[in-house]
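Worksheet for the structure shown next.
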Amino acid sequence: MEIGVLALQGAFIEHEQKLSELGIKSFEIRQYKDLEKPLSGLIIPGGESTVQGKLLKELNLFEPIKEKIIKGMPVFGTCAGLLLLAKQIENDTRTHLSTMDIKAVRNAYGRQLGSFNTVEEFKGIGKIPMTFIRAPYIEEVFNDTEVLAKVNGKIVAAKQKNQLVTAFHPELTEDLSVHKYFINMINKNETF
Ligand code: GLN
């Protein structure tokens, strides 16, 4: 198994470290030719969704990545990565890869609560630490999207077939369980 980590901007190194702690090989996706290597899954890190969305287009990564996701490649988006995958963003004029049936709210916690840590239940895992940084939350999920975690009544993690998103940053805590969860999704994936 080799997992690609989108490395255009944001917290990609932390994801690579988590994967290496789990003994999983990863490589950085920075340009079109990086997608020639077979990849078992893709992580889209936190950072700035507008910047990453713009770079995806400029570097001709947008269409091939979108196509792979639609074909069933497992993808895990954290924070800005969640916004890149969302089909609807309530308070943004643009959407990006737009592959997942969720409606997200950008910078949803306002200035006061811009960044915070908490411990909450994640379906199928149990209680885990969650770090939020100018995070979105998910206002609504559609079709077969499954809610995996909520904080104060707001959806902060969800899954739809091959797509997993968290509004928080599991790569910034000691906990490895969400990365393990994604690796399990890859192991179970028979179609891609
Ligand atoms: N606020 C950022 C955005 O809108 C996301 C923040 C993050 O990824 N930590 O893209």
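Take the sequence shown: its position 77, counting from 1, is numbered 214 in this note's numbering, and each next residue is one higher. Every residue, glycine too, gets a C-beta built ideally from N, C-alpha and C.
Open item on the list: Any heavy atom of the ligand GLN inside 7 angstroms of the beta-carbon of R333?
Closed with: Because the chain is modelled from 138 through 329, residue 333 falls outside the range shown and cannot be assessed.
Task: Assigned exposure category for E153 - 16 Cβ within 10 Å defines buried - done: buried
Open item on the list: Quick check on S252: buried or exposed, where buried means 16 or more other Cβ atoms within 10 Å of its Cβ?
Closed with: exposed
TODO: Please find out if some non-hydrogen atom of the ligand GLN comes closer than 7 angstroms to the beta-carbon of A294.
DONE: no
Task: S235: CB within 7 angstroms of a non-hydrogen atom of the ligand GLN - done: Checking every heavy atom of the ligand GLN against the Cβ of S235, none is found closer than 7 angstroms.
TODO: Flag L193 as yes when its Cβ comes closer than 7 angstroms to any non-hydrogen atom of the ligand GLN, and as no otherwise.
DONE: no
Open item on the list: Please classify E212 as buried or exposed, where buried requires at least 16 other C-beta atoms within 10 Å of its C-beta.
Closed with: According to the sequence as given, residue 212 is Val; it is not Glu. Buried.
Task: K291 versus K155, Q189, E200, V242, residue with shortest Cα-Cα distance - done: V242
Task: CA-to-CA distance, S314 to L196, given in whole angstroms - done: 32 angstroms
TODO: Please confirm whether N299 and R271 have their CB atoms less than 8 angstroms apart.
DONE: Not a contact, by the Cβ cut-off of 8 angstroms.
Task: E185 CB to nearest heavy atom of the ligand GLN below 7 angstroms - done: yes
TODO: Would you kindly report the start and end of the unbroken alpha helix (DSSP H) that includes K208?
DONE: 199 to 208
Task: For I206 and I239, the rounded distance between their alpha carbons - done: 15 angstroms
TODO: Mark M237 as exposed unless 16 or more other C-beta atoms lie within 10 angstroms of its C-beta, in which case mark it buried.
DONE: Under this definition M237 is a buried residue.
TODO: Could you tell me whether the Cβ atoms of S163 and V142 are closer together than 8 angstroms?
DONE: Contact flag set, yes.
- [ ] Would you decide whether I150 is buried or exposed? Buried here means 16 or more other CB atoms lie within 10 Å of its CB.
- [x] exposed
Task: Proximity to Q189 [Cα-Cα], best of I161, K264, L219 - done: Q189 has its Cα closest to that of L219, out of I161, K264, L219.
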